[in-house]
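K.L.:
One structure is given below, represented as structure tokens, and several questions about it will come after.
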Amino acid sequence: MSTPKLSPAAGRKILVTGASGYVGGRLVGQLLSEGFNVRVMVRNHNKMLGYPWVDRVEISDGDAVNYEETLKALTGIHTAFYLLHSIGVGSNFEDLEAQMARNFAKAADAAGVKQIVYLGGIANDKQISQHLGSRVETGRELTSGSVPVMELRAGIIIGSGSASFEMLRHLTHRLPIMTTPKWVSNRTQPIAIRDVLWYLSHAAALDKPVDQIFDIGGPAVITYADMMQMFAKISGLRRRWIIKVPVLSPKLSSLWIGLVTPVPTSLARPLVGSLISEVVADPAKSVSGVIPNPPDGLLDIPHAIEYALSKVKSNQVESRWSDATLPTAPWQKAQSDPAWAGETTYNDTREQIVEVSTASLWESIEQIGGNNGWYGADYLWFLRGLLDRMFGGVGLRRGRRDPKKLRVGDSLDFWRVEECVQNSHLKLYAEMILPGKAWLDFNISEEVVNGTKMRKITQVASFQPRGLGGQLYWFSVVPFHTFIFPSMLKNLIKDAAAKDKQSNA
1056 MSTPKLSPAA
1066 GRKILVTGAS
1076 GYVGGRLVGQ
1086 LLSEGFNVRV
1096 MVRNHNKMLG
1106 YPWVDRVEIS
1116 DGDAVNYEET
1126 LKALTGIHTA
1136 FYLLHSIGVG
1146 SNFEDLEAQM
1156 ARNFAKAADA
1166 AGVKQIVYLG
1176 GIANDKQISQ
1186 HLGSRVETGR
1196 ELTSGSVPVM
1206 ELRAGIIIGS
1216 GSASFEMLRH
1226 LTHRLPIMTT
1236 PKWVSNRTQP
1246 IAIRDVLWYL
1256 SHAAALDKPV
1266 DQIFDIGGPA
1276 VITYADMMQM
1286 FAKISGLRRR
1296 WIIKVPVLSP
1306 KLSSLWIGLV
1316 TPVPTSLARP
1326 LVGSLISEVV
1336 ADPAKSVSGV
1346 IPNPPDGLLD
1356 IPHAIEYALS
1366 KVKSNQVESR
1376 WSDATLPTAP
1386 WQKAQSDPAW
1396 AGETTYNDTR
1406 EQIVEVSTAS
1416 LWESIEQIGG
1426 NNGWYGADYL
1436 WFLRGLLDRM
1446 FGGVGLRRGR
1456 RDPKKLRVGD
1466 SLDFWRVEEC
1476 VQNSHLKLYA
1486 EMILPGKAWL
1496 DFNISEEVVN
1506 GTKMRKITQV
1516 ASFQPRGLGG
1526 QLYWFSVVPF
1536 HTFIFPSMLK
1546 NLIKDAAAKD
1556 KQSNA
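Number 1291 in our numbering belongs to position 236 of the sequence shown; there are no gaps in the numbering.
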């Protein structure tokens, strides 16, 4: 899309919260391309290291629950984007979201912020879900201070990598016949991520603060069932058989979606629950009087789907729903503890010295997981992923953002990339449900053997158990390690050697 550049006010600094999330990760790039001075607030700055714009932003470590950290992030800010949510953290997520919003409003007051921009959800139906109700309450809490709040309420966002899009894509692709709740006939007004970013970036350039709620939706209203049929047609699939039944509750639906799609049950439940509402924009809440529509108009649903699919096929997905870490058990949230912390750590270490080039070894390491598999014993990985799904975890279907390249913060099946040093080191942190914390490390180093320069590849699976249950878990899975890890290293080296041979041919 060719659009004129914005004219950011001189010296105006913008804060983006939730920069590691789906919308936030893209908004930062959009604002930078428009010439804004951007600061991001994240709980862990290491997650930002893999983003292409990391050297062009100011990073403020902080959690919105902590007032002092929030105040620090907001100091010197003109416009603050509130893109935080606690979807999927449990039954008390509304209380946590309300607390964070109140805290943010109070800190914004103290810091002298001129404008808060909040991305919420369309909630015009009399019957709204728990998730949408929490989104509305978050908006109310943000207005508890004196800083003007511009609330943009969107419906389903169509874009490569969004949770709603992934749910739609995998349901349509994998189920030619499906039983669905009767409320898939409810109307919705989807909007392309391109247009969401248009409205958000223009909100940063407003001449005067705005204190108002607006609905933003695409140019068409459609039922979810019709959208699935449209998706199937665009994907070259036959028309789907959709059988509506009155007894399929949101809870049962989310359990099924958790098994069929990459979206875990904890995230699917609020997304599915939101479908009980008619999510249609109110013309009286149009934002066009404040922010004009894109010069070439809003993207219609077929073109939005086609564009998103083209990004998936060409491996150009900028951000994914899984980029934002899903909270798990408290003992799983922390990254690796230092050695002096006294945690018991069990290691399964494998290493081998080879003549394979560093470049080929790294290429094979970086391509692990997702559709590429885990270099052997894939059936055991599948069973472990299935078990994780059954207990409400993320499982293996989360896949990876890019089939060839990794960056810090990327989700990789049920792992998260914690460290990634080109041609040297990859460290994955387990986000599966575990009685402790687990990592998988790969290291490449140079070795001289009999005067010949060789490469040593080291593979380490490590586990810090929590209590007796954690220790019993480790010893129960040790026998499986004898099937998984030796073959993993052997096949990884074999794959790298083949790459070497191909490049030298």
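Idealized CB from N, CA, C, for every residue including glycine.
From this set, GLY1194, GLY1084, GLY1188, PRO1534, which residue's C-alpha is nearest ASP1266's C-alpha?
P.N.:
GLY1194
K.L.:
Is the CB-CB distance between ASP1258 and VAL1202 below 8 Å?
P.N.:
The sequence given here places Ala at residue 1258; Asp does not occur at that position. Against a cut-off of 8 Å, the Cβ pair of VAL1202 and ALA1258 comes out as no contact.
K.L.:
State the CB to CB distance for the pair ALA1424 and ASP1496, rounded to an integer number of angstroms; the pair is presumed to be in contact (CB under 8 Å).
P.N.:
Note that residue 1424 is Gly in the sequence shown here, rather than Ala. Actually they are not in contact, since the Cβ atoms of GLY1424 and ASP1496 sit about 14 Å apart, beyond 8 Å.
K.L.:
Once you ignore the five residues that flank PRO1274 on each side, which residues in its own chain have a CB closer than 6 Å to its CB?
P.N.:
LEU1353, ASP1355
K.L.:
Checking 8 Å against the spacing of the C-beta atoms, do ARG1405 and PRO1541 come in under that value?
P.N.:
yes
K.L.:
What whole-angstrom Cβ distance do ASN1498 and THR1413 have, given they're in contact under 8 Å?
P.N.:
With 8 Å as the limit, ASN1498 and THR1413 do not qualify as a contact, their Cβ atoms being about 11 Å apart.
K.L.:
Three or more C-beta pairs under 8 Å: does that hold for the region 1448 to 1467 against the region 1426 to 1438?
P.N.:
yes
K.L.:
For the region 1182 to 1191 against the region 1149 to 1159, are there 3 or more C-beta pairs whose distance is under 8 Å?
P.N.:
yes
K.L.:
Does the distance from the C-beta atom of VAL1120 to that of MET1155 stay below 8 Å?
P.N.:
It is a contact, given that the beta carbons lie within the stated cut-off.
K.L.:
Compare the C-alpha of SER1369 against each of VAL1463, MET1282, SER1215, ALA1339 and name the closest.
P.N.:
SER1215
K.L.:
Does the Cβ of PRO1338 have 16 or more other Cβ atoms within 10 Å, making it buried, or fewer, making it exposed?
P.N.:
By the 10 Å Cβ count, PRO1338 comes out exposed.
K.L.:
Which runs of the alpha helix (DSSP H) spanning at least 4 residues fall entirely within the region 1388 to 1475, listed in chain order?
P.N.:
DSSP runs (the alpha helix (DSSP H)) wholly in the region 1388 to 1475: 1413 to 1421, 1433 to 1445.
K.L.:
Any idea what DSSP makes of TRP1238, helix, strand or coil?
P.N.:
helix
K.L.:
Just to confirm, is the Cβ distance from SER1563 to LYS1554 under 8 Å?
P.N.:
In the structure as shown, the chain starts at 1056 and stops at 1560, and residue 1563 therefore has no counterpart that could be examined.
K.L.:
Round the Cβ separation of ASP1465 and GLY1105 to the nearest angstrom and send it over; I've been treating them as touching at under 8 Å.
P.N.:
The C-beta separation of ASP1465 from GLY1105 comes to about 7 Å, placing the pair in contact by the 8 Å criterion.
K.L.:
Going by CA-CA distance only, name the one from GLY1210, GLY1272, VAL1239 that's closest to VAL1300.
P.N.:
VAL1239
K.L.:
Once DSSP output is grouped into helix, strand and coil, what is the label at ASP1164?
P.N.:
helix
K.L.:
Restricting to runs no shorter than 3 residues, where is the beta strand (DSSP E) found entirely within the region 1161 to 1229?
P.N.:
DSSP runs (the beta strand (DSSP E)) wholly in the region 1161 to 1229: 1170 to 1176, 1204 to 1209.
K.L.:
So, are the CB atoms of VAL1472 and LEU1483 less than 8 Å apart?
P.N.:
yes
K.L.:
From LEU1364, TYR1401, GLY1076, THR1130, pick the residue whose C-alpha is nearest to that of TRP1494; which is it?
P.N.:
TYR1401
K.L.:
Any chance the region 1287 to 1296 sits against the region 1226 to 1236, with 3 or more Cβ pairs inside 8 Å?
P.N.:
yes
K.L.:
Should the region 1099 to 1113 be regarded as contacting the region 1126 to 1139, the criterion being three or more beta carbon pairs within less than 8 Å?
P.N.:
no
K.L.:
Give a yes or no on whether the C-beta atoms belonging to VAL1342 and THR1243 are separated by under 8 Å.
P.N.:
no
K.L.:
Classify ASN1158: buried if its beta carbon has 16 or more other beta carbons within 10 angstroms, exposed otherwise.
P.N.:
buried
K.L.:
In whole angstroms, give me the CA-to-CA distance for LEU1544 and ASP1110.
P.N.:
35 Å
K.L.:
What is the residue span of the beta strand (DSSP E) that ARG1094 lies within?
P.N.:
1092 to 1097
K.L.:
Opposite GLY1491 in the DSSP bridges: which residues?
P.N.:
The partner list for GLY1491 (beta bridge, DSSP) reads PRO1520.
K.L.:
Output the boundary residues of the beta strand (DSSP E) element that contains HIS1480.
P.N.:
For HIS1480, the enclosing beta strand (DSSP E) starts and ends at 1480 to 1485.
K.L.:
Output the distance between the C-alpha atoms of ASN1546 and ARG1455, rounded to the nearest integer angstrom.
P.N.:
20 Å
K.L.:
Cβ of ASP1270 within 8 Å of Cβ of ARG1190?
P.N.:
no
K.L.:
Which residues does DSSP list as the beta-bridge partners of ASP1116?
P.N.:
VAL1097, per the DSSP bridge assignment.
K.L.:
Using three-state DSSP, classify LEU1505 as helix, strand or coil.
P.N.:
The residue you asked about is not Leu; residue 1505 is Asn in the sequence shown. Correct three-state label for ASN1505: coil.
K.L.:
So, at 6 Å on beta carbons, what are the nonlocal neighbours of ASP1550 in its own chain, with the 5 sequence-adjacent residues on each side left out?
P.N.:
Taken in chain order, the residues that qualify are SER1419.
K.L.:
When you compare only the Cα positions, how much space is there between HIS1536 and ASN1348?
P.N.:
56 Å
K.L.:
Under the three-state reduction of DSSP, which class applies to TRP1108: helix, strand or coil?
P.N.:
coil
K.L.:
Who are the Cβ neighbours of THR1234 in its own chain at under 6 Å, not counting the five residues just before and after it?
P.N.:
ILE1298, VAL1300
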